[in-house]
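Take a look at the structure set out below.
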Amino acid sequence: MTSLPNIIAMGEVMLEFSPQFSPQRAGSGGFELAYAGDTFNTAVYLARQGLKVSYLTELGSDKFSDQIIALAESESVCMNGCIRSDGALPGLYLIENNAEGEREFYYWRRHSAARQLLMTPEKVQRICRAVGKADVFYLSGISMAVMGQDSEQGFWALIDSVQRQQKTLVFDPNFRPRLWPDLNLARDFYQKILGYCDVVFPTLDDDTLLWDLSEPETIIDFYHSLGVAEVVLKLPAAKAMVSTGHEQVLRSSRYRGAVVDTTGAGDAFNAAYLHARYAGASLAASLDAGHRLAAKVIGVRGAIIWHNAEPMSDSSIVTDGLPPEEPFY
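The opening position of the sequence shown corresponds to residue 10 in my numbering, with each subsequent residue numbered one higher.
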């Protein structure tokens, strides 16, 4: 990976309500509105690092959908591929945090506009044309789970198009059991999609739930056996391991800061890792970049650090005496 590619991501942007106060006062009813979604979060962070990024989703004709598009465009995320539907609305979710910053989500997305994104041949053709203009297609397991079985035919038509056009497919499994009616159905989907993927960002916790795998080496071997070239495995205790099949690196995060809300940390990690790799960084330096941005994100509420939030600089996090990062270039 030596040049900065054009990246197009697909998924759902939702209204995000996060607590304004301490976790002990979250029940008081004070929440702040923002906009987020796993692949959208990654798209924003990629764009902030200078990559050309587009986003594919479906929204309504309401004022909140207008605000989502305006926000994305203010972040240099192109929304030309966004489909608008009269009468539809974006989904929403609410975050609750415990004293350690770990989060619990409550979703209202059953009638989300994004569920309709791949339901008609016309929409699928439009999405395929948009993907054809990019170098990299980024999506997550949540995207398909939310769209559901009604979109299955359209989804696989899109993935076949991605392969025919020889695009790089980057995938965050982001397995959420509650979004799948049946574990075997989820396994069938993941096993099939992984056969198309070039880069994958699994987590040990998700793979334990989905595949009953708990050893990092076994998980990495499993993904390589399905044809994945680059596996970036996020581990507990702020560690991550990457394997290309020829080289394997394990890195612990050097950064320590206040943990306010872990929402979006993985999405940010993915963005920083990808940017570093496409900029020519080593595997170790790319993991360091992911850890650095994730450490900043967990210091604020919500999935995306907005420009008026304090922890936008390295001053909000400190190193813990581990060996220094490798430089990007």
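Yeah, the Cβ is synthetic: ideal placement off N, Cα and C, and Gly gets one too.
query, result
"I'd like to confirm the pairing. Which residues does DSSP put opposite F198 in its beta bridges?", "Paired residue(s): none; F198 is not in a bridge."
"Assign W117 to one of three DSSP states: helix, strand, or coil.", "strand"
"By alpha-carbon positions, which one of H233, G308, K243 and M250 ends up nearest to Y264?", "G308"
"Quick check on the DSSP output: the beta strand (DSSP E) that includes R260 runs from which residue to which?", "Q257 to S261"
"Just how far apart, CA to CA, sit T272 and E41?", "14 Å"
"Using the C-alpha atoms, what's the distance from K72 back to D207?", "37 Å"
"Nearest by alpha-carbon distance to L103: which of T66, Y44 and H233 is it?", "Y44"
"Classify S27: buried if its beta carbon has 16 or more other beta carbons within 10 angstroms, exposed otherwise.", "buried"
"Helix, strand or coil: which one does DSSP assign to K142?", "coil"
"Distance check for R173 and A166, CA to CA, integer angstroms please.", "11 Å"
"How many Å lie between Y54 and G96 at the Cα?", "30 Å"
"Excluding the 5 residues preceding and the 5 following L178 in the sequence, name in chain order all residues of the same chain whose CB lies nearer than 7 Å to its CB.", "F146, V171, Y205, C206 and D207"
"State the Cα-Cα distance for the pair A290 and I16, rounded to the nearest angstrom.", "18 Å"
"Please confirm whether M23 and L80 have their CB atoms less than 8 Å apart.", "no"
"Quick one: using the 10 Å Cβ neighbour count with 16 as the cut-off for buried, is P225 buried or exposed?", "buried"
"Between S63 and G90, is the Cβ-Cβ spacing less than 8 Å?", "yes"
"Note down, in chain order, each residue of its chain lying with its Cβ closer than 6 Å to the Cβ of L235, except the 5 sequence neighbours on either side.", "L203 and G204"
"To the nearest angstrom, how far is it from the Cα of T51 to the Cα of D197?", "26 Å"
"Between the C-alpha atoms of L219 and A247, what's the straight-line distance to the nearest angstrom?", "21 Å"
"Kindly identify the DSSP beta-bridge partner or partners of Y102.", "E25 and Y116"
"Pick from N279, L65 and L242: whose alpha carbon is nearest that of V140?", "L65"
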